[in-house]
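A quick write-up on the structure given underneath.
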Amino acid sequence: MQYFRIRQDNRTENAILPQLNVTKELWTSEQPLFIPVKARNNSGQLHFLPFIEKPVAMVSDAAKKIFEVYQSKTLYRPCAVGHLEQGRTEVYWLIQPRILPCLHEAATYFPDGSLKEIVIDRQKAGFNKWFMLDQVREACWIVDTEVLERLCRAGITEIQILPVRAL
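In our numbering, the protein residues as written are 164 to 330.
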């Protein structure tokens, strides 16, 4: 099984920028959630990315439908993401996937403690198809080949894909 790190694609022109303060209430509140967004050019055509890493991880409705097939222990919270000036709103899902301690001892780090090279321990990853890495400073989203192919077949290609070594 081959693994890949997926990241938000920052090359996309005029991608939305969620305006949100991250708090614990995001996961405990029962109230409907509206997240306003801005863009570099608020009058231009907005681009709603399928995967947003910051300020909080969220995925489009189409991406969520794929992710939920492969991991049952994922927390989702629906939200409306919208640009007030343009009157455009899309359904997104705040997402908190399973976090696995599956880094192999061969993983290397920079002096500041951030990951230099991700190496997945296949045994510790088990049959998990997508997850986040535990014991790392930054959020590392990992998917296997099957999930990545499904995302691509669904036309969800506006993500950055980085191959990851697995031992």
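We put the CB at the ideal spot given by N, CA and C, even for glycine.
State the Cα-Cα distance for the pair residue i and residue j, rounded to the nearest angstrom.
i: A329; j: P264; result: 14 Å
i: Q234; j: L183; result: 26 Å
i: L209; j: W256; result: 19 Å
i: L311; j: M295; result: 15 Å
i: E280; j: F197; result: 37 Å
i: A202; j: Q323; result: 19 Å
i: L266; j: I319; result: 27 Å
i: E301; j: G276; result: 10 Å
i: L189; j: D284; result: 32 Å
i: N205; j: T186; result: 26 Å
i: Q286; j: I262; result: 15 Å
i: K228; j: P274; result: 39 Å
i: N177; j: E216; result: 16 Å
i: C242; j: P195; result: 7 Å
i: Q249; j: G207; result: 9 Å
i: C303; j: P326; result: 12 Å
i: Y272; j: V299; result: 10 Å
i: V219; j: A317; result: 24 Å
Assign residue i to one of three DSSP states: helix, strand, or coil.
i: T191; result: helix
i: R387; result: The requested residue 387 is not part of the displayed model; the chain covers only 164 to 330.
i: L317; result: One point to set straight first is that residue 317 is Ala, not Leu, in the sequence displayed. Coil at A317, not helix or strand.
i: I322; result: strand
i: F211; result: coil
i: L342; result: Residue 342 is absent from the model: the chain starts at 164 and stops at 330.
i: A243; result: strand
i: A302; result: coil
i: G226; result: Strictly speaking, residue 226 in this sequence is Ala, with Gly absent from that position. A226: helix per DSSP, three-state reduction.
i: V185; result: coil
i: V232; result: helix
i: P199; result: strand
i: A220; result: coil
i: L238; result: strand
i: I169; result: strand
i: L180; result: strand
Pop quiz: residue i and residue j are said to be a contact at Cβ under 8 Å. What is the actual Cβ separation, rounded to whole angstroms?
i: L332; j: P199; result: Given a span of 164 to 330 for the chain in the structure shown, any question on residue 332 remains unanswerable.
i: L212; j: T237; result: With 8 Å as the limit, L212 and T237 do not qualify as a contact, their Cβ atoms being about 19 Å apart.
i: F230; j: Q171; result: F230 to Q171, Cβ: 15 Å. No contact.
Practice task
Just list the alpha helix (DSSP H) runs in the region 247-296, keeping only unbroken ones of 4 residues or longer that don't cross its boundaries, in chain order.
Solution key: 285-288
Inspect the CB distances between the region 223-230 and the region 247-256 and report whether three or more fall short of 8 Å.
-> yes
- Answer yes if the region 166-186 comes into contact with the region 306-321, meaning at least three C-beta pairs across the two stretches below 8 Å, and no otherwise. yes
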